[in-house]
Amino acid sequence: MAKPVNAFTCTACGATHRKWAGKCDACGAWNTIIEEAPLSQGPGRGLGTLKGKPVPLSGLATQDAPPPRAQSGIAELDRVLGGGLVPGSAILVGGDPGIGKSTLLLQAAAAFARSGQQAIYISGEEASAQVRMRAQRLGLGDAPVRLGAETALRDILTTLDAERPDVAIIDSIQTLWSDQIEAAPGSVSQVRATAHELVTFAKRRGTAVILVGHVTKEGQIAGPRVVEHMVDTVLYFEGERGHQFRILRAHKNRFGPADEIGVFEMTGGGLSEVANPSALFLSERGEPSPGSAVFAGIEGTRPVLTEVQALVAPSTLASPRRTVVGLDSGRVSTILAVLEARCAIPFAGLDVFLNVAGGMRVAEPAADLAIAAALLSAREDTSLPADCVLFGEISLSGALRPVSQAENRLKEAQKLGFSRAILPSATKGEGLAGMRIDRTPDLTSFVGDTFGA
Ligand code: TYD
Ligand code: MG
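Every number in our numbering is 1 more than the matching position in the sequence shown, counting from 1.
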């Protein structure tokens with residue numbers, strides 16, 4: 002057998018490489034590859050027992066009907082989970098340090114415990130007394146949650162095996178260490194091994210295990226991407242530090258729709274649910290102003306309206322600025338190119354700044370038309386009608402492509418007081434009573450109709 006050699010591992014995505022490199026081929030991150038001791042080769046290769054004997058699929062449903070999902074009662078969290086927590090599932094909650102993961106999960110633990118689940122919260126970062134203090138500040142002092150402060154995987158597994166909770170929260174995976182692995186806590190091999198043990202425990206014992214993972218920019222600590230493929234559900238807690246809004250987004254979910262979002266607000270008393278995010282994201286909108294366009298989007302299963310803001314100003318730079326926050330900058334470049342090539346509206350010599358209000362991130366191609374409208378409105382210094390929403394995907398030819406769930410988008414817009422919508426001609430459906438619908442075949446006619454150019 003070949004002698005195990007030290008492996009080079011990417012701390013961002015966990016990919017292994019034969020030699021060191023500045024950039025990881027697998028995920029494209031720079032300066033994330035470090036040298037680590039190899040994983041153990043495992044025991045001999047002989048045949049094992051008949052433990053993994055297959056059973057017929059049809060027999061499963063009747064023999065082991067799955068227990069129902071556990072609801073926390075925090076509606077925003079339950080929805081992102083796909084309708085509650087599936088027993089025996091493994092969930093990763095990632096996010097930047099300080100964004101509010103511990104707060105959210107302590108509140109979730111208390112909510113699960115109050116709804117009759119056995120919940121245990123194990124912190125590797127804070128002592129039990131500190132967690133209790135935080136719980137008291139959040140008004141959760143009396144919740145029947147059990148707390149642990151532990152970092153040794155073996156002790157954690159022993160505790161969980163003895164207590165058999167319904168929900169176990171581990172905060173965070175980067176603080177755990179297994180004595181089977183000779184590496185520091187937070188290294189790729191430790192994170193991978195401890196996550197694997199906990200996921201296996203979840204499946205075997207039917208305990209739902211929630212792992213917290215800090216997103217790390219670079220350095221010696223492995224990021225949560227290393228465990229993404231091991232767990233059933235990956236949630237990311239996003240938000241801008243300067244804003245009080247926090248968005249919990251499902252990036253992967255074996256038990257529910259991906260891209261579902263839950264919106265929270267960080268207050269002095271912890272995170273509170275935002276039941277109507279559209280109203281919140283549009284709340285800062287005042288009088289109609291040039292550069293503002295309202296996009297009727299869909300996040301997961303829910304319509305969400307957001308405001309796209311653009312600023313276009315003469316540039317003094319040889320290659321003008323393109324600053325994009327909350328939108329995909331590749332898409333923005335494409336839209337600028339289509340405007341120039343198909344509509345003869347150049348942005349050369351102009352700095353372009355684009356932003357989604359409220360710290361929301363919009364990834365849908367359906368936002369193209371709203372982005373183009375915001376850019377044109379800023380460039381022409383003309384406001385769009387205040388009661389108007391837009392959606393539609395722009396193709397490279399300048400044609401507008403229809404997008405899914407037009408009716409849901411329109412209903413949400415109407416609910417928030419909008420009475421007009423601009424959308425692609427080919428959009429299916431009749432529209433809504435009391436709502437004026439302007440159908441546009443392509444970007445050129447949109448520019449003509451809206452800006453009279
Ligand atoms: P925390 O949950 O500790 O973040 P993480 O676990 O993701 O590192 O949240 C820390 C931040 O949240 C901190 O900057 C203060 C803020 N916060 C509040 O604003 N209100 C609160 O009630 C709590 C508990 C925290
Ligand atoms: Mg924390």
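Yeah, the Cβ is synthetic: ideal placement off N, Cα and C, and Gly gets one too.
Owing to the predicted nature of the structure, the values given are computational and were not obtained by experimental measurement.
Which two residues bound the contiguous beta strand (DSSP E) that contains residue i?
{"i": "S284", "result": "No beta strand (DSSP E) holds S284; DSSP gives it neither H nor E."}
{"i": "T10", "result": "A8 to C11"}
{"i": "L391", "result": "C389 to L391"}
{"i": "K253", "result": "F246 to N254"}
{"i": "L105", "result": "Premise fails: L105 lies in the alpha helix (DSSP H), K102 to R115, not in any beta strand (DSSP E)."}
{"i": "V227", "result": "From DSSP, V227 is part of no beta strand (DSSP E) but of the alpha helix (DSSP H) over R226 to E229."}
{"i": "S446", "result": "Element bounds for S446: not the beta strand (DSSP E) but the alpha helix (DSSP H), L444 to F452."}
{"i": "V168", "result": "V168 to D172"}
{"i": "V295", "result": "S293 to E300"}
Between the Cα of residue i and the Cα atoms of the options, which residue gives the shortest distance?
{"i": "D382", "options": "A294, G360, I336 and E151", "result": "A294"}
{"i": "T324", "options": "N356, V309, A297 and L337", "result": "N356"}
{"i": "A368", "options": "L351, S396 and D352", "result": "S396"}
{"i": "P386", "options": "S378, F392 and G393", "result": "S378"}
{"i": "L141", "options": "L161, A109 and A153", "result": "A109"}
{"i": "F113", "options": "R147, G95 and L93", "result": "R147"}
{"i": "R303", "options": "E261, Q310 and V339", "result": "E261"}
{"i": "G89", "options": "S426, G207 and F265", "result": "G207"}
{"i": "Q415", "options": "A297, S426 and W21", "result": "A297"}
{"i": "T176", "options": "Q191, E164, P166 and A169", "result": "Q191"}
{"i": "L78", "options": "A111, R380 and G263", "result": "G263"}
{"i": "D362", "options": "V326, P69, L86 and S384", "result": "In the sequence on display, residue 362 carries Arg and not Asp. Looking at the Cα atoms, V326 is the closest of the given residues."}
{"i": "A364", "options": "E164, L161, I346 and F392", "result": "F392"}
{"i": "T428", "options": "A434, R410, V94 and G435", "result": "R410"}
{"i": "D167", "options": "D180, V132, Y122 and R155", "result": "Y122"}
{"i": "I248", "options": "L199, F202, L212 and E300", "result": "E300"}
{"i": "I170", "options": "F202, S188, D180 and V227", "result": "F202"}
{"i": "E198", "options": "V228, T217, A184 and K218", "result": "V228"}
{"i": "F246", "options": "I174, A358 and V309", "result": "A358"}
{"i": "W178", "options": "A153, T12, D26 and I157", "result": "A153"}
{"i": "S426", "options": "G435, V275 and L370", "result": "L370"}
{"i": "E308", "options": "A319, G292, S320 and P315", "result": "G292"}
Does the Cβ of residue i lie closer than 6 Å to at least one heavy atom of ligand 1?
{"i": "S103", "result": "yes"}
{"i": "M134", "result": "no"}
{"i": "P98", "result": "yes"}
{"i": "M267", "result": "yes"}
{"i": "G271", "result": "yes"}
At the level of alpha carbons, what is the spacing between residue i and residue j?
{"i": "A150", "j": "V210", "result": "16 Å"}
{"i": "E413", "j": "A374", "result": "20 Å"}
{"i": "P55", "j": "R205", "result": "16 Å"}
{"i": "G125", "j": "D329", "result": "36 Å"}
{"i": "F9", "j": "G15", "result": "9 Å"}
{"i": "C29", "j": "R286", "result": "Note that residue 29 corresponds to Gly in the displayed sequence, not to Cys. Looking at the two C-alpha atoms, the distance is approximately 38 Å."}
{"i": "L139", "j": "G360", "result": "24 Å"}
{"i": "L401", "j": "V339", "result": "11 Å"}
{"i": "D352", "j": "L236", "result": "35 Å"}
{"i": "A419", "j": "G432", "result": "First, the amino acid is wrong: residue 419 is Phe here, not Ala. Rounded to the nearest angstrom, the two C-alpha atoms are 13 Å apart."}
{"i": "H252", "j": "D233", "result": "11 Å"}
{"i": "C344", "j": "S334", "result": "15 Å"}
{"i": "R19", "j": "I182", "result": "20 Å"}
{"i": "A136", "j": "L107", "result": "7 Å"}
{"i": "A128", "j": "P145", "result": "18 Å"}
{"i": "G271", "j": "R242", "result": "15 Å"}
{"i": "A342", "j": "T317", "result": "23 Å"}
{"i": "L93", "j": "S284", "result": "32 Å"}
{"i": "E456", "j": "A280", "result": "A question about residue 456 goes unanswered here, because the residues of the chain that appear run from 2 up to 454."}
Bridge partners for residue i per DSSP, in chain order?
{"i": "H215", "result": "G96"}
{"i": "N356", "result": "Q310 and V326"}
{"i": "F238", "result": "G96 and L249"}
{"i": "H197", "result": "H197 is not bridged to any residue."}
{"i": "S273", "result": "E266"}
{"i": "K24", "result": "W31"}
{"i": "R402", "result": "E394"}
{"i": "P425", "result": "T441"}
{"i": "R147", "result": "I121"}
{"i": "V305", "result": "G298"}
{"i": "E37", "result": "A8"}
How is the alpha helix (DSSP H) around residue i delimited, first residue to last?
{"i": "D156", "result": "L154 to E164"}
{"i": "G331", "result": "S330 to C344"}
{"i": "M134", "result": "S129 to R138"}
{"i": "V264", "result": "Not the alpha helix (DSSP H): V264 falls in the beta strand (DSSP E), residues I262 to T268."}
{"i": "A373", "result": "D369 to E381"}
{"i": "Q175", "result": "Neither: Q175 is in no alpha helix (DSSP H) and is coded neither H nor E."}
{"i": "D79", "result": "A76 to V81"}
{"i": "R410", "result": "A407 to K416"}
Given 6 Å as the limit, tell me if residue i has its C-beta closer than that to any heavy atom belonging to ligand 3.
{"i": "G15", "result": "For the structure depicted, ligand 3 is absent and the ligand set comprises only ligand 1 and ligand 2."}
I want to see whether chain B comes within less than 7 Å of residue i, judged by CB atoms only; does it?
{"i": "T33", "result": "Looking at the structure shown, chain B is missing, and only one protein chain is on hand."}
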